[in-house]
Amino acid sequence: MRQAIVLRFLVGILVCSTVSYVEAEDPYRFLNWEVTYGEISPLGVKQRGILINGQFPGPTVNAVTNDNVIVNVINKLDEPLLFTWNGVKQRKSSWQDGVLGTNCPIPPNSNWTYKMQMKDQIGTFTYFPSTLMHRAAGGFGGFNVLARSVIPVPYQKPYEEFTVLVSDWWKKDHKELQNILDSGAPFPLPDGILINGLPRSSSFSVVPGQTYLFRVSNVGLTTSINFRIQDHTLRLVEVEGAHTAQEVYESLDIHVGQSSSFLVTVNENPKDYFIVASTRFTKPIFTATAVLQLAGSRSPASGQLPIGPTYHLHWSMKQARTIRWNLTANAARPNPQGSFHYGTINVVRTLVLANSAENINGKQRYSVNKVSYQNPETPLKLADYFNIPGVFTLNSIKDTPPADPAVLGTSVIGTALHDFIEIVFQNNENTMQSWHFDGYDFWTVGFGSGQWNSTLRRRFYNLVDATTRYTVQVYPNSWSAILVSLDNKGMWNLRSAIWPRRYLGQELYVRVWNDEASPYTEYDIPANAILCGKVKK
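In mature numbering (1 follows the signal peptide of the UniProt record, and there is no 0), the protein residues as written are -24 to -1, 1 to 513.
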């Protein structure tokens, strides 16, 4: 009898433990995406677009911190395809990054399933196709990571949230744009810009007096934009996963690949207002409008559009310096953001990466430190995992710009897990640049004109409350400096967010490594990994 009671007690403990484990497992969100071509006409001209489940732009993904997001992608295009998650951190798993350095592309008429867990971030991000020039045809959308109920955010709960995608747009087919680049001809100016896929007629229904969160992302190919709302101010609360000191702006520049979130309190006057996005640093200036549509309004939006800046490089750089970290706010992790005193950590390595336009073998190319990147047939991550020689060489790009002639190559920088490094993006050209680092947020500590140098420029770094983000702009003939803690093991893409430049070689990879084979530092290769190149052979 006593043995039976003990046995029942032990079984009860086991059942309770199992139930607790099941209940404690983080939620799953399953998405099934069929990617097809379809006819669209954003600028009034019928053209071929890339649709996800028949939608242009693609569906917005709303997840919560710790959620497991499973995305089954069915490729119905006539070319191999990958999606990358712009700013959505793939913690311990560059296998899910969705770029050609880490993944074999999904062949036509087949599928592949991404498996991601949302970690260490709350904020506004995007996704888009990373292969060829597919991004110029669509396939992009918003990706929002929301806070769990136990994690407070440092602003009032908005009445509603809106995801706003701003993009430059061309009337040419994406394959025609690709042929222009392949031929070595200059990439053309856009034909216009869009707000949520339209140059005008988009509307956002609001209630007078209520406060709304606008999540605004620049998903364009080449063009910085300025965002503003007629007779309203924008209270900036978040950029790409970092809560900010809540400065108020009449308008804000959002550069290619960047995202920002604003609180907007709607005027009590029941009339409609214009929402405006216009290009920066272009001649001519392109403008798209939408409407803030107030409940009960009988007055359509009217009057002069709110005036935005034109060229004004120094205005934009000064504005960028006003975007600062909210040191008293919680992030997804349990410690306050400001508890990580990044300015006191020793830098173990400095990389100065200079972009340049080059002519290689009679063709237009772009390079980083005189190496114009070419994708090998075998993804770098697979070659690294299976120890396949001849695919890449570590430190095949110099830490500082050399005087050598430009060459084609496969640039990989070798680093150690938990290194703390400084990266300076040196732009010696007359064009705006934008850089994105997959798998990492970084502190944007400095912007400046002219040439960077280690003694003078560091004096002007913000080592106290620089915000973290995933994409940083670099102004013409200027530099931008970031600090980054390499705490995410893997093979990570560091690329130009200006897509024609990235397509023609302005990118490289950073291998973050240690010798420990452990799921605590990096997940193993997925069971469903597609094999190609030398691995397939």
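The beta carbon of each residue, even a glycine, is placed where N, CA and C say it ideally should be.
For clarity, every value in this text was computed on a predicted model and none was experimentally measured.
Checklist line | Limits of the unbroken beta strand (DSSP E) element including N183 | finding: Residue identity differs from the one stated: residue 183 is Val in this sequence, not Asn. Counting along the chain, V183 falls outside any beta strand (DSSP E), and DSSP gives it neither H nor E.
Item checked: Residue closest to G415, alpha-carbon to alpha-carbon, out of S275, S461, I171 and P83 -> Checked all of S275, S461, I171 and P83; the closest Cα to G415 is S461.
Next item on the list: Measure how close the beta-carbons of residue 534 and S227 come, nearest whole angstrom, since I'm counting them as under 8 Å.
Entry: Since the first residue of the chain shown is -24 and the last is 513, residue 534 is not available in this structure.
Check: What is the rounded straight-line gap between the Cα of S275 and the Cα of N245?
Finding: In a straight line, the C-alpha of S275 is about 10 Å away from that of N245.
Check: In whole angstroms, what is the alpha-carbon distance linking V142 and L174?
Finding: The C-alpha of V142 lies about 9 Å from the C-alpha of L174.
Checklist line | DSSP state of Y416 mapped onto helix, strand, coil | finding: Note: Y416 maps to coil in three-state DSSP.
Next item on the list: Have a look at R309 and P495 and give me their C-alpha separation to the nearest angstrom.
Entry: At R309, the pLDDT of 46 sits below 50, so the modelled position is not reliable; the number obtained from the coordinates is stated separately. The alpha-carbon atoms of R309 and P495 are separated by roughly 19 Å.
Check: Expressed to the nearest angstrom, what Euclidean distance is found between the alpha-carbon atoms of F262 and I201?
Finding: One alpha carbon belongs to F262, the other to I201, and they sit about 9 Å apart.
Notebook entry, point to check: In chain order, which continuous runs of the alpha helix (DSSP H) of length 4 or greater are located wholly inside the segment 346 to 410?
Noted result: Every alpha helix (DSSP H) of 4 residues or more that sits fully in the segment 346 to 410 is shown, in chain order, as 356 to 361.
Check: Would L170 pass as a contact of P365 if the rule is Cβ separation under 8 Å?
Finding: No, the Cβ-Cβ distance between L170 and P365 is not below 8 Å.
Check: Between which two residues does the beta strand (DSSP E) carrying Q23 extend?
Finding: Under the DSSP assignment, Q23 falls in the beta strand (DSSP E) whose first and last residues are Q23 to I28.
Note to self: Going by C-alpha to C-alpha distance, which of S236, T420, F163 and R111 sits closest to I98?
What the structure shows: Comparing Cα positions, the closest option is S236.
Margin query: In the DSSP assignment, the alpha helix (DSSP H) including I156 goes from what residue to what residue?
Written below: Counting along the chain, the alpha helix (DSSP H) containing I156 begins and ends at H150 to S159.
Item checked: Rounded C-alpha distance that separates L358 from D207 -> Inter-residue distance for L358 and D207 is about 53 Å (C-alpha atoms, whole angstroms).
Check: Taking contact to mean at least 3 C-beta pairs separated by less than 8 Å, is the segment 494 to 508 in contact with the segment 434 to 446?
Finding: These segments do not touch.
Notebook entry, point to check: Going by alpha carbons, who is nearest to V328 out of P355, N351, I397 and T265?
Noted result: The shortest Cα separation from V328 among P355, N351, I397 and T265 belongs to I397.
Check: In terms of residue numbering, what span does the alpha helix (DSSP H) encompassing W146 cover?
Finding: Unbroken run through W146: none, as it is neither H nor E.
Next item on the list: Drop a sphere of 10 angstroms on the beta-carbon of A493, count the other beta-carbons inside from all chains shown, and report buried for 16 or more, exposed for fewer.
Entry: Exposed, because fewer than 16 other Cβ atoms sit within 10 Å of the Cβ of A493.
Margin query: Only counting the same chain, and skipping five residues up and downstream in sequence, which positions put a Cβ closer than 7 Å to that of P81?
Written below: Cβ neighbours of P81 beyond the five flanking positions: P56, L57, L58 and T107.
Notebook entry, point to check: By how many angstroms is the C-alpha of G426 removed from the C-alpha of V215?
Noted result: Spanning the two alpha carbons is a distance of roughly 26 Å.
Note to self: Looking at the secondary structure, which residues open and close the alpha helix (DSSP H) in which G509 lies?
What the structure shows: Secondary structure note for G509: its alpha helix (DSSP H) is the uninterrupted segment G509 to K512.
Notebook entry, point to check: Going straight from the alpha carbon of G509 to that of N302, what length do you get?
Noted result: Answer to the nearest angstrom: the Cα atoms are 46 Å apart.
Notebook entry, point to check: Counting pairs of beta carbons, one from the segment 215 to 225 and one from the segment 475 to 494, are three or more of them closer than 8 Å?
Noted result: The count of Cβ pairs closer than 8 Å, one atom from the segment 215 to 225 and one from the segment 475 to 494, stays below three, leaving the stretches out of contact.
Notebook entry, point to check: Helix, strand or coil: which one does DSSP assign to Y496?
Noted result: Three-state result, Y496: coil.
Check: Which residue from A333, K513 and S430 puts its Cα closest to that of Y479?
Finding: Minimum Cα distance to Y479 is reached at A333.
Notebook entry, point to check: Roughly how many angstroms separate the alpha carbons of N87 and K52, rounded to a whole number?
Noted result: Answer to the nearest angstrom: the Cα atoms are 9 Å apart.
Checklist line | Three-state secondary structure assigned by DSSP to L432 | finding: Residue state, collapsed to three classes: coil.
Check: Taking the beta strand (DSSP E) that P476 falls in, what are its first and last residues?
Finding: Premise fails: P476 lies in the alpha helix (DSSP H), W475 to Y479, not in any beta strand (DSSP E).
Margin query: I'd like to know whether the C-beta atoms of V421 and I458 end up nearer to each other than 8 Å.
Written below: Yes, they are a contact pair.
Next item on the list: Could you give the DSSP three-state label for H208: helix, strand or coil?
Entry: Coil, per DSSP.
Check: Hey, how far is the Cα of F238 from the Cα of K512?
Finding: F238 and K512 have their alpha carbons spaced roughly 47 Å apart.
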